[in-house]
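Residue numbers (the working numbering), protein chains in the order written: chain A, 1 to 72; chain B, 1001 to 1496.
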């Protein structure tokens, strides 16, 4: 099982807070929408939780998923 | 099964004309009597073990014919074992502008699709079924409703099929969009999970299959999975409907064995020998140099090595006088206009790359459009709720590969092969000194009319109208729209 950041693309409105709080895993494209490295390394779990809960659009969530799971 | 009627597009090889067997030469729908005479009566469904049909589908190796090519038996099993009473949804939206096969099938063999819905409902234990059609094609809705009335008189269907006319946009045929609309919302794709097979219409497990897939299912229910495998190859079984358009003498819908080489499928429609490139899979498809794909099988496995996929079975031969980059730019602008405007990377990314490609195609660069494309294309794919941005990006990227020499010429301010060959239609666009947005406005009408007159080339949005004299014409509907609608902005109410 790995911890992954999942994003609801229809909910995201590009506030960009996530990239400010978690630059290790999230960067913004030129239009201000997040590009996410979805697997969370163990040391960043707390920071990731903080970024997820700070999203003004509630578009982020943390998911525990089997390693092989295919998703975007 | 081998019976053909004259005037019906014929599949190659003996006995492979399956879905098209009952197609009437005049293009009208086969009546229930004609349908039964051709295929035999609808088999007794109740009383047979429910898994039997699913096992036969698995034996036959049927895959979805809507574009994704997912194994149908796997989907049937997932829905049948889901929580709650399943729902069956037949997808007859066919919003891919270059494809006409589902319309052809529903217009000519509506009973085959309705049989398939009945069998799928029985296989998964559904008591509710829906057939989704595009609102812009009321002639098709009428044809299906007439067929349904026939069946009601004959007392055929145990599970009632509700026929719906949905808003018609490129993305409104996505399965999550159908579910959302059937649940009372807008016909826009939704975020997954949950996927419709888990939780779809009214939160029930929902089987969504393409109209052609269900028609194949109807035949597997009659003749079995081993029979289905007799056509096609080991890794691509059965037959498939293809729409062959562009620079061919007889554009139309053809039933071919799955895995027939691309070149042979194009030859059926009378490929223009001067054509050098082909778009495989439709607007979500990929551009290829014809020489590299002509011997490859038209199947997912066969095209994987060149990064392609048969999609919904669309082949568009690029007219020899047309610039592939200009074509790709036009398709990309259309796709950008069809976004549901829900996800940022699609809302902003698609118009941006459409602009880049238009600037490159028209040789009116603002900065370096080729460099921008190379930077932007990789970051857009996979970042939407649906696969709309992925498909658009794949098409654009394949154009840059297939027309690499042209892209290089355009990037250095030179004309491409199409212009060099003296097709002045394109040359004028390249050199007219107009800004890309001006070219943008006039190209769909003026430029293409101009080029058609000068080059005599055939374009796919003219496809079926141009085939009026050929025997593969299937369409008898009076209210057909142009295959490539001129992009227009959405109004809010359009999605309901």
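Even glycine gets a Cβ: it sits at the ideal position worked out from N, Cα and C.
Counted within 10 angstroms of its Cβ, other Cβ atoms place residue 1091 of chain B as buried (16 or more) or exposed: buried
Own chain residues within Cβ distance below 7 Å of residue 1180 of chain B, not counting five before or after: So the qualifying residues of the chain are 1186, 1187, 1188, 1190.
Distance between residue 1240 of chain B and residue 1212 of chain B (C-alpha atoms, nearest Å): 8 Å
Range of the contiguous alpha helix (DSSP H) that encloses residue 1092 of chain B: Run containing residue 1092 of chain B: none in the alpha helix (DSSP H); it sits in the beta strand (DSSP E), 1087 to 1092.
Cβ-based burial, residue 1 of chain A [other Cβ within 10 Å; buried from 16]: So residue 1 of chain A ends up on the exposed side.
Test: residue 61 of chain A CB closer than 9 Å to a CB of chain B: no
Nearest-angstrom Cβ-Cβ length linking residue 1124 of chain B and residue 1207 of chain B, presumed shorter than 8 Å: 6 Å
Residue 1178 of chain B, enclosing alpha helix (DSSP H) - first and last residue: 1175 to 1182
Test item: CB-CB of residue 1061 of chain B and residue 1197 of chain B under 9 Å: Result no, Cβ atoms of residue 1061 of chain B and residue 1197 of chain B do not sit closer than 9 Å.
Among A:9, A:5, A:3, the one whose alpha carbon lies nearest that of residue 1389 of chain B: A:9
Neighbour flag for residue 1191 of chain B against chain A, beta carbons, 9 Å: yes
Per-residue burial, residue 53 of chain A [other beta carbons within 10 Å of its own, 16 or more giving buried]: Taking every protein chain shown into account, the CB of residue 53 of chain A has fewer than 16 other CB atoms within 10 angstroms, so this residue is exposed.
Residue 1100 of chain B - DSSP class collapsed to helix/strand/coil: coil
Interface partners of residue 12 of chain A on chain C, CB under 8 Å: Absent here is chain C; the protein component of the structure consists of chains A and B.
According to DSSP, residues forming a beta bridge with residue 1277 of chain B: B:1289
Buried/exposed call for residue 5 of chain A, threshold 16 Cβ in 10 Å: buried
Element boundaries [beta strand (DSSP E), containing residue 82 of chain A]: Because chain A here runs from 1 to 72, residue 82 of chain A falls outside it and cannot be looked at.
Among A:46, A:56, A:63, A:43, nearest to residue 17 of chain A - alpha-carbon criterion: When only C-alpha atoms are compared, the closest one is A:56.
For residue 31 of chain A and residue 51 of chain A, the rounded distance between their alpha carbons: 20 Å
Inter-residue spacing [alpha-carbon to alpha-carbon] between residue 1194 of chain B and residue 1200 of chain B: 8 Å
Exposure label - residue 1095 of chain B; buried when at least 16 CB within 10 Å: By the neighbour-count definition (other C-beta atoms within 10 Å, threshold 16), residue 1095 of chain B is a buried residue.
Per-residue DSSP class, three states only, for residue 37 of chain A: coil
The beta strand (DSSP E) enclosing residue 1206 of chain B, as first and last residue numbers: 1206 to 1210
Interface flag, residue 30 of chain A vs chain B, CB-CB below 9 Å: yes
Three-way DSSP call (helix, strand, coil) for residue 1236 of chain B in this model: strand
Whole-number beta carbon distance between residue 1101 of chain B and residue 1312 of chain B, since they are thought to touch under 8 Å: 7 Å
Terminal residues of the beta strand (DSSP E) in which residue 1521 of chain B lies: Only positions 1001 to 1496 of chain B appear in this structure, which leaves residue 1521 of chain B out of reach.
Rounded straight-line distance, which links the Cα of residue 1262 of chain B to that of residue 38 of chain A: Between residue 38 of chain A and residue 1262 of chain B, the C-alpha separation is close to 39 Å.
Beta-carbon contacts of residue 1078 of chain B that lie in its chain and below 7 Å, excluding the five residues immediately before and after: 1197
Inter-residue spacing [alpha-carbon to alpha-carbon] between residue 1272 of chain B and residue 1247 of chain B: 6 Å
Rounded straight-line distance, which links the Cα of residue 1338 of chain B to that of residue 1357 of chain B: 17 Å
Residue 1188 of chain B in three-state terms, based on DSSP: In the structure shown, residue 1188 of chain B adopts coil according to DSSP, grouped into three states.
Three-state secondary structure (DSSP) of residue 1231 of chain B: The three-state reading of DSSP puts residue 1231 of chain B in coil, since its state is none of H, G, I, E or B.
Exposed unless 16 or more other CB atoms sit within 10 angstroms - verdict on residue 1019 of chain B: buried
Which of helix, strand or coil DSSP assigns to residue 1063 of chain B: Correct three-state label for residue 1063 of chain B: strand.
Residue 1297 of chain B, buried or exposed, once every other Cβ within 10 Å from all chains shown has been counted against 16: buried
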